[in-house]
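S.K.: This structure is in structure tokens; I'll ask about it shortly.
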Amino acid sequence: MNHETPTPTDILTIARRAGAVILMEYNKTVPAEINWKADDSPLTLADQRSHKIIEAELAALTPDIPLLSEEGMQTPYEQRRTWPRFWCVDPMDGTKEFIKKSGQFTVNIALIEGKTPILGVIYVPALGIAYFAQRGKGSFRVDGLTTSDRDGERGDAGIDGDTETPGASDQPSFGVEPIRPKPIQCRPLDLENLAIVASKDHAGPAVKALIDAHPQAQTRSMGSSLKFCMVAEGEADLYYRDVPTFEWDTAAAHIIVQEAGGSLTKATGEPLLYNKENLRNPAILTSGDRHEEWVQKIK
83 MNHETPTPTD
93 ILTIARRAGA
103 VILMEYNKTV
113 PAEINWKADD
123 SPLTLADQRS
133 HKIIEAELAA
143 LTPDIPLLSE
153 EGMQTPYEQR
163 RTWPRFWCVD
173 PMDGTKEFIK
183 KSGQFTVNIA
193 LIEGKTPILG
203 VIYVPALGIA
213 YFAQRGKGSF
223 RVDGLTTSDR
233 DGERGDAGID
243 GDTETPGASD
253 QPSFGVEPIR
263 PKPIQCRPLD
273 LENLAIVASK
283 DHAGPAVKAL
293 IDAHPQAQTR
303 SMGSSLKFCM
313 VAEGEADLYY
323 RDVPTFEWDT
333 AAAHIIVQEA
343 GGSLTKATGE
353 PLLYNKENLR
363 NPAILTSGDR
373 HEEWVQKIK
């Protein structure tokens, strides 16, 4: 395996291993023990166990690429500002959804190069779905990714290894038969059938005003990074968030939306960059089509 050029297959393998230990905690009959971080966001054992697996697996795969993880020790900016590449990870995005048992939580892993995501994987353990993208190679969805408690105990998630077939070098193989990734694409905008997706727990007043301004729109609430994925696969047209996020919340989704033909920027239309001194993102806007028009509408 080339330690300098990880593939989506490599990273999906790691995400599934992390997802397997998350599901072990998710499927327990005893309610998850919850701690609260300084920003009043919840933290569970599943978050911590997922982080440890991803940290160890990425260190083995790419020992020269540093890690920035929501649940890891935060490297001072004076040190990380010199990083040419780094992994940006949310070991479990949507902890509130995990606690509520909605299934809408994800494992997010992205590779950042020059302040821009170049590879991203979003894995949805409870639904057996994954989304991935690599710069210049398009965005894909994979279904039917099952795990078991045994997978979590061995940290394997049922992957037997990489198989490379002509024209499909990044297609993951699970078990005996390869599961074929399906290309996904943002849809053209049709205002009569407008679909807006919003956060379940973090929709601010500006988002509500946008929804009120488009009464014909179908609106859906969704947890975690699945909101971005809905735009990327043409199930929604717009996701606007006026409440701050962090870099690990958007990095993997950013390249997936972009490679699907959409846009993810600051709400002002300016590029959303990574490895900032302050890791908190400003208001963001994700759309599948005619992005600049949406930027002007919300200004």
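Under the working numbering, the first residue of the sequence shown carries the number 83, and numbering increases by one thereafter.
Quick reminder that beta carbons are idealized off the backbone N, C-alpha and C, glycines included.
Is any non-hydrogen atom of the ligand GDP found closer than 7 Å to the C-beta of L271, if you look at the structure I gave you?
M.R.: Absence of the ligand GDP from the depicted structure is noted, as is the absence of any ligand whatsoever, leaving it without description.
S.K.: Hey, how far is the Cα of D92 from the Cα of I181?
M.R.: 29 Å
S.K.: Suppose you measure from the CA of L361 to the CA of I293; what does that come to, to the nearest Å?
M.R.: 28 Å
S.K.: Leaving out five residues before and five after A208 in sequence, what residues of the same chain have Cβ atoms less than 6 Å from its Cβ?
M.R.: G185
S.K.: Assuming T332 contacts I278 (C-beta within less than 8 Å), just tell me the rounded distance between them.
M.R.: Going by Cβ atoms, the distance from T332 to I278 rounds to 18 Å, so no, they are not a contact pair.
S.K.: For K358 and V339, I'd like the C-alpha separation in whole angstroms.
M.R.: 21 Å
S.K.: Determine, for G343, whether the minimum Cβ-Cβ distance to residues of chain B falls below 8 Å.
M.R.: Although the question refers to chain B, the structure presented lacks it and comprises just one protein chain.
S.K.: Alpha carbons only, please: which of T95, P90 and Q130 is nearest the one belonging to E107?
M.R.: Q130
S.K.: Which residues bound the alpha helix (DSSP H) around F310?
M.R.: L308 to A314
S.K.: List the DSSP bridge partners of M174.
M.R.: Paired residue(s): none; M174 is not in a bridge.
S.K.: Suppose you measure from the CA of K110 to the CA of P297; what does that come to, to the nearest Å?
M.R.: 41 Å
S.K.: Spatial neighbours of N190 within its chain, please: C-beta separation below 6 Å, excluding the five flanking residues on both sides.
M.R.: D172, D175, I204, S307 and A334
S.K.: Taking the beta strand (DSSP E) that Q300 belongs to, which residues open and close that run?
M.R.: Q300 to M304
S.K.: Are the CB atoms of C268 and G344 nearer to each other than 8 Å?
M.R.: yes
S.K.: Just how far apart, CA to CA, sit I116 and S151?
M.R.: Just so you know, the alpha carbons of I116 and S151 end up roughly 19 Å apart.
S.K.: What does a CB cutoff of less than 8 Å around G305 pick up in its chain, not counting 5 residues either side in sequence?
M.R.: G176, K178, E179, S184, Q186, F187, S281, K282 and D283
S.K.: Would G370 and V289 be called neighbours here (beta carbons separated by less than 8 Å)?
M.R.: no
S.K.: Could you round the C-beta distance between L271 and D319 to whole angstroms and report it? I think they count as a contact, below 8 Å.
M.R.: With a contact defined as Cβ atoms closer than 8 Å, L271 and D319 qualify at about 6 Å.
S.K.: Identify whether F187 lies in helix, strand or coil by the three-state DSSP scheme.
M.R.: coil
S.K.: Could you check how far apart the C-beta atoms of W212 and V224 are, in whole angstroms? I think they sit under 8 Å.
M.R.: Before going on, a small fix: residue 212 reads as Ala here, not Trp. Right, their Cβ atoms sit about 5 Å apart.
S.K.: Whole angstroms are fine: how far does the CA of T368 sit from the CA of T347?
M.R.: 7 Å
S.K.: Are the beta-carbon atoms of R217 and I337 separated by less than 8 Å?
M.R.: Going by C-beta atoms, R217 is nearer than 8 Å to I337.
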